[in-house]
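>
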Amino acid sequence: MKTARNITLSLPVDLIRRVKIVAAERDTSFNAFVRDILYQALNRSDEYYKAGERLLAQSASGLFDMPAERWAREELYD
């Protein structure tokens, strides 16, 4: 991390307590634990966005082209 800035968060007391416990169990600090969780959330979001972009690109390239056949309602329903 090149630079870091301090921020102030207001979190519920029970959430802070739980994060401290989990961070201690993982032998890390509260700050490092929260930072890692934020990075993970952003990475998942980026991966989701990139997957959507790949799907749209495939669609635009014709991978999902459907035949131009048209059916009459009577042909589809008895």
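For reference, each letter of the sequence shown is one residue, going 7 to 84 in the numbering used here. Built from N, CA and C at the ideal position, the CB exists for glycine as well. What you are looking at is a predicted structure, and each value in this text was computed from that prediction instead of being measured.
Which stretch, first to last residue, makes up the alpha helix (DSSP H) that contains D20?
For this step, residue 20 is matched to residue 14 along the sequence shown. Note, D20: alpha helix (DSSP H), 19-31.
> Using a Cβ distance threshold of 8 Å, determine whether the segment 14-31 contacts the segment 39-46, with at least three qualifying pairs required.
yes
> So what's L15 in DSSP terms, helix, strand or just coil?
Locating residue 15 in the sequence shown gives position 9, counting from the first residue. The answer is coil: DSSP assigns L15 none of H, G, I, E or B.
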